[in-house]
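Visitor: One structure coming up, written as structure tokens, with questions to follow.
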Ligand code: MTE
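In our numbering, the protein residues as written are 1 to 316.
Here you go:
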């Protein structure tokens with residue numbers, strides 16, 4: 001099947017030359033090391049990953065690792081920002097497999113090892129902007145989602161990609177008890193052309209190490225031009241579908257969270273402005289520095305054409 005690529009991205013950019021060369025080196029010698037390091041371990045954060053630098057990175061100063069791993073949203077482990085770091089240690093991330101089904105020529109269940117076997121891990125420094133008005137800059141280690149989708153051969157009828165997080169109440173305290181903040185599984189979705197965009201990645205690590213459980217181990221989505229809640233964590237299922245799939249936050253409050261969820265300083269959340277943001281680590285309370293929020297989180301040159309002709313106020 002022919003997969004449409006955004007017209008302004010040259011094929012040379014899809015695989016930058018340096019990455020291509022590095023990939024050949026890795027295939028020749030270092031792949032085993034890269035893969036072994038990418039696999040979940042009990043002390044995941046202690047394992048260095050070998051990844052090549054990506055052409056897609058920003059050159060902004062990364063958020064401190066301690067901040068990015070202790071101030072999280074992962075409601076399966078509780079609704080407080082400190083809950084995921086406190087509770088996610090119980091999550092068993094190995095063995096791990098992902099079911100890929102729906103409108104694909106090659107459906108199946110792939111182990112994490114199968115998923116990572118043919119890919120080169122790249123380090124990409126991306127901004128993550130959350131809807132509550134905070135942002136971080138994180139060196140992710142991952143690979144383009146497009147690489148995995150191409151392997152399963154989407155059918156011509158596939159228009160959207162739906163994602164699902166693990167449901168395992170024994171290990172996820174937010175999924176048991178009387179108060180259930182969301183309905184499970186946590187679900188997300190992208191339009192197929194968004195999912196095929198080279199900026200959209202599946203991350204297996206951050207800061208050169210495997211993903212800590214609170215950040216979505218062993219495999220999470222990162223879509224840097226969209227609000228953080230599109231970054232579904234601990235993925236167990238990816239389905240290619242014809243109709244726009246349900247998403248957790250839209251199901252909860254459709255007037256506040258839309259399917260597209262593009263970072264857009266011109267469209268306010270109904271309860272607050274989205275025009276500025278606070279970078280985690282840059283002061284707090286009255287002393288917090290605020291930065292103007294950039295259209296598409298600063299990635300407009302790369303992604304704006306995905307939405308040409310669309311009313312982004314109606315399609316928020
Ligand atoms: N994925 C799952 N499964 N459950 C969640 O509660 N929260 C989302 C997203 N992915 C969430 C999730 C939200 S609201 C945000 S802002 C990001 O994860 C936060 O990612 P981080 O903790 O790595 O910064």
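All C-beta atoms, glycine included, are put in the ideal place defined by N, C-alpha and C.
Predicted model only: the values in this text are computed from it and were never measured.
Does the stretch 144-161 come close enough to the stretch 175-182 to have 3 or more Cβ pairs within less than 8 Å?
Guide: With a cut-off of 8 Å, the stretch 175-182 and the stretch 144-161 do not count as touching, because too few Cβ pairs lie within range.
Visitor: Tell me which residue opens and which closes the beta strand (DSSP E) that residue 139 is part of.
Guide: Unbroken beta strand (DSSP E) run through residue 139: 134-144.
Visitor: What residues in its chain sit with their C-beta under 6 Å from that of residue 53, if we drop five residues either side in the sequence?
Guide: Excluding sequence neighbours, residue 53 sits near 123.
Visitor: Secondary structure at residue 299, three-state DSSP: helix, strand or coil?
Guide: Coil at residue 299, not helix or strand.
Visitor: Residue ranges of each alpha helix (DSSP H) run of no fewer than 4 residues wholly in the stretch 192-258, ordered along the chain?
Guide: You should have 192-195 and 248-252.
Visitor: Using a 10 Å radius around the Cβ and a threshold of 16 neighbouring Cβ atoms, would you call residue 315 buried or exposed?
Guide: Counting Cβ neighbours within 10 Å, residue 315 comes out exposed, since fewer than 16 surround it.
Visitor: Could you spell out the range, first to last residue, of the alpha helix (DSSP H) harbouring residue 66?
Guide: Element bounds for residue 66: 65-68.
Visitor: Find out if the Cβ-Cβ distance for the pair residue 255, residue 270 is shorter than 8 Å.
Guide: Closer than 8 Å, so yes.
Visitor: From what residue to what residue does the beta strand (DSSP E) around residue 110 run?
Guide: 108-111 is the span of the beta strand (DSSP E), which, as asked, contains residue 110.
Visitor: Mind checking whether residue 199 and residue 302 have CB atoms under 8 Å apart?
Guide: Yes, these two residues count as a Cβ contact at 8 Å.
Visitor: DSSP on residue 308, reduced to helix/strand/coil?
Guide: Coil.
Visitor: Residues around ligand 1, please: the condition is that the C-beta lies closer than 5 Å to some non-hydrogen atom of it.
Guide: Qualifying residues come out as 72, 73, 74, 75, 130, 165, 186, 215, 228, 229, 231, 232 and 233.
Visitor: Between which residues of its own chain and residue 97 is the CB-CB distance below 6 Å, once the five residues before and five after are set aside?
Guide: So the list reads 109 and 111, once near-sequence residues are dropped.
Visitor: Would a C-beta distance cut-off of 8 Å place residue 99 and residue 237 closer than the cut-off?
Guide: Against a cut-off of 8 Å, the Cβ pair of residue 237 and residue 99 comes out as a contact.
Visitor: Would you call the stretch 214-224 and the stretch 286-293 in contact, with 3 or more CB pairs under 8 Å?
Guide: No: the two stretches stay apart, fewer than three of their Cβ pairs being nearer than 8 Å.
Visitor: Within a Cβ cutoff of 7 Å, which residues of the same chain sit near residue 162, ignoring the five residues on either side of it in sequence?
Guide: For residue 162, where only same-chain residues beyond five positions count, the Cβ hits under 7 Å are 187, 189, 239, 241 and 245.
Visitor: What would DSSP say about residue 116, mapped onto helix, strand or coil?
Guide: Helix at residue 116.
Visitor: Following the continuous alpha helix (DSSP H) through residue 84, name the residue where it begins and the one where it ends.
Guide: Run containing residue 84: 83-87, per the alpha helix (DSSP H) assignment.
Visitor: Check whether the Cβ atoms of residue 262 and residue 226 lie closer than 8 Å to each other.
Guide: Yes; because the gap between Cβ atoms is below 8 Å, this pair is in contact.
Visitor: Distance check for residue 309 and residue 40, CA to CA, integer angstroms please.
Guide: Only weak support exists for where residue 40 lies, its pLDDT of 46 falling under 50; the value from the coordinates is given anyway. If I take the Cα positions, the gap works out to 42 Å.
Visitor: Helix, strand or coil for residue 285? Go by DSSP, reduced to three states.
Guide: Here residue 285 sits in helix by DSSP.
Visitor: Does DSSP put residue 102 in a helix, in a strand, or in coil?
Guide: Reduced to three states, the DSSP call for residue 102 is strand.
Visitor: Could you give the DSSP three-state label for residue 321: helix, strand or coil?
Guide: Any property of residue 321 remains undetermined from this structure, which presents the chain solely from 1 to 316.
Visitor: Roughly how many angstroms separate the alpha carbons of residue 148 and residue 295, rounded to a whole number?
Guide: Distance between the alpha carbons of residue 148 and residue 295: 28 Å.
Visitor: Can you give me the Cβ contacts of residue 207 inside the same chain, cut-off strictly under 7 Å, excluding the 5 residues immediately before and after it?
Guide: These residues qualify, in order along the chain: 65 and 139.
Visitor: Candidates 103, 150 and 73: which alpha carbon is nearest residue 196's?
Guide: Answer by Cα proximity: 150.
Visitor: Along the chain, where does the beta strand (DSSP E) that runs through residue 128 open and close?
Guide: It spans 122-129 - the beta strand (DSSP E) in which residue 128 sits, taken as one unbroken run.
Visitor: Tell me which same chain residues have a C-beta within less than 6 Å of the C-beta of residue 58, skipping the five on either side of it?
Guide: Once the five neighbours on either side are set aside, the close Cβ partners of residue 58 are 125.
Visitor: Give the straight-line distance between the Cα atoms of residue 32 and residue 182, rounded to the nearest whole angstrom.
Guide: Bear in mind that the predicted position of residue 32 carries a pLDDT of just 37, short of 50, making it unreliable; the figure below should be weighed with that in mind. Computed Cα separation, rounded: 39 Å.
Visitor: DSSP three-state label for residue 294, please.
Guide: Coil, per DSSP.
Visitor: Give the straight-line distance between the Cα atoms of residue 250 and residue 131, rounded to the nearest whole angstrom.
Guide: Cα to Cα, residue 250 sits roughly 13 Å from residue 131.
Visitor: Which residue comes first and which comes last in the beta strand (DSSP E) that contains residue 160?
Guide: Element bounds for residue 160: 160-165.
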